[in-house]
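Q:
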Amino acid sequence: MLEPEAGQGFSITLVLNLDHIPPDQAAREALVQKLSSMKRDVVGAPLWLSFRALLADAKPPKPHYTVHYAESQCMYVVPQPDVVVIVFALCFSNATEAAIAKIFLQEAEMSRRQSKELAAAPSIVYTQEPPLELRQLGTSRPEPSAIDGFIGHVTIAVSKRVVEAGGVEKVVGLVQGYPCYLLYHVKATKSQLHTRIRARSTNWLQVLNRAMPEKLDKERKTISGRVFKRQ
Numbered sequence: 522m523l524e525p526e527a528g529q530g531f532s533i534t535l536v537l538n539l540d541h542i543p544p545d546q547a548a549r550e551a552l553v554q555k556l557s558s559m560k561r562d563v564v565g566a567p568l569w570l571s572f573r574a575l576l577a578d579a580k581p582p583k584p585h586y587t588v589h590y591a592e593s594q595c596m597y598v599v600p601q602p603d604v605v606v607i608v609f610a611l612c613f614s615n616a617t618e619a620a621i622a623k624i625f626l627q628e629a630e631m632s633r634r635q636s637k638e639l640a641a642a643p644s645i646v647y648t649q650e651p652p653l654e655l656r657q658l659g660t661s662r663p664e665p666s667a668i669d670g671f672i673g674h675v676t677i678a679v680s681k682r683v684v685e686a687g688g689v690e691k692v693v694g695l696v697q698g699y700p701c702y703l704l705y706h707v708k709a710t711k712s713q714l715h716t717r718i719r720a721r722s723t724n725w726l727q728v729l730n731r732a733m734p735e736k737l738d739k740e741r742k743t744i745s746g747r748v749f750k751r752q
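Residues 522 to 752 (the numbering used here) are what the sequence shown spells out, left to right.
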């Protein structure tokens, strides 16, 4: 299934022989699930190791992990004795999308603090400066000002209780997919704003057209067909 050499411009290439697909429906669904989860498992490999070590009260193989999941964007995983800290360095090249993302992240942090229903959820913090967990690593990282479109760091702290309640697979999928989740909502919000702007512009154009003054030199006719003009 895995090609020895990846295709040009890609890191991994998979080849699936359609003549040898399992005939059983359950086996087919399991194969589809396995293929669709490859990105989650590859990018989230440090999360699997860290969460399993957290559940077993064991020490993970490495003190921290750095995953470059996109251009100029990184995920830092810092395992600790009672919690796993995940830090995302986020970038948006589009100024409008960057502004929307900042508002979204600020609202997410505020909602987590103010809502009693989210008291058991993992804590989330949005900061412009690198959080303490990154500063303590001592690793070389590019300065935020040197990264085009940098909007800040998002820190998510996942405790052992959260992993036990949700399961390792679910928690890995949610944490690893957080940047995609954020991007989806930013794009959807931008699209909604454009739709509302176009609708409002159309409405105002209709108002302006109705408010245009009547042409005084327009020819008028009476019921009998006589033509007259204003003097």
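C-beta atoms are modelled at their ideal positions from N, C-alpha and C, and glycine is treated no differently.
Between Glu-618 and the rest of its own chain, which residues show a CB-CB distance below 7 Å, the 5 nearest in sequence each way excluded?
A: The answer, listed in chain order, is Val-707, Lys-711.
Q: In whole angstroms, what is the alpha-carbon distance linking Phe-671 and His-589?
A: Between Phe-671 and His-589, the C-alpha separation is close to 15 Å.
Q: Distance, Cα to Cα, Val-689 vs Cys-701?
A: Cα-Cα distance, rounded: 19 Å.
Q: Specify, as a first and last residue, the run of the beta strand (DSSP E) that Leu-611 falls within.
A: Its beta strand (DSSP E) spans residues 604-612.
Q: According to DSSP, is Leu-523 part of a helix, a strand, or is it coil?
A: If DSSP states are grouped into helix, strand and coil, Leu-523 belongs with the strands.
Q: By how many angstroms is the C-alpha of Met-596 removed from the C-alpha of Tyr-586?
A: About 8 Å.
Q: Ser-632 lies in the alpha helix (DSSP H); which residues open and close that run?
A: 616-635 is the span of the alpha helix (DSSP H), which, as asked, contains Ser-632.
Q: Smallest Cα separation from Ala-686: which of Leu-552, Ala-641, Lys-560?
A: Cα-wise, what sits closest to Ala-686 is Ala-641.
Q: Since Tyr-647 and Val-684 are thought to touch, with beta carbons under 8 Å apart, how far apart are those beta carbons, to the nearest angstrom?
A: With 8 Å as the limit, Tyr-647 and Val-684 do not qualify as a contact, their Cβ atoms being about 23 Å apart.
Q: Note down, in chain order, each residue of its chain lying with its Cβ closer than 7 Å to the Cβ of Glu-630, except the 5 sequence neighbours on either side.
A: Ile-645, Val-646, Tyr-647.
Q: Between Ile-621 and Ile-677, is the Cβ-Cβ spacing less than 8 Å?
A: Going by C-beta atoms, Ile-621 is not nearer than 8 Å to Ile-677.
Q: Would you say the beta carbon of Lys-580 comes nearer than 7 Å to a heavy atom of the ligand GDP?
A: The ligand GDP is absent from the structure shown, which contains no ligands of any kind.
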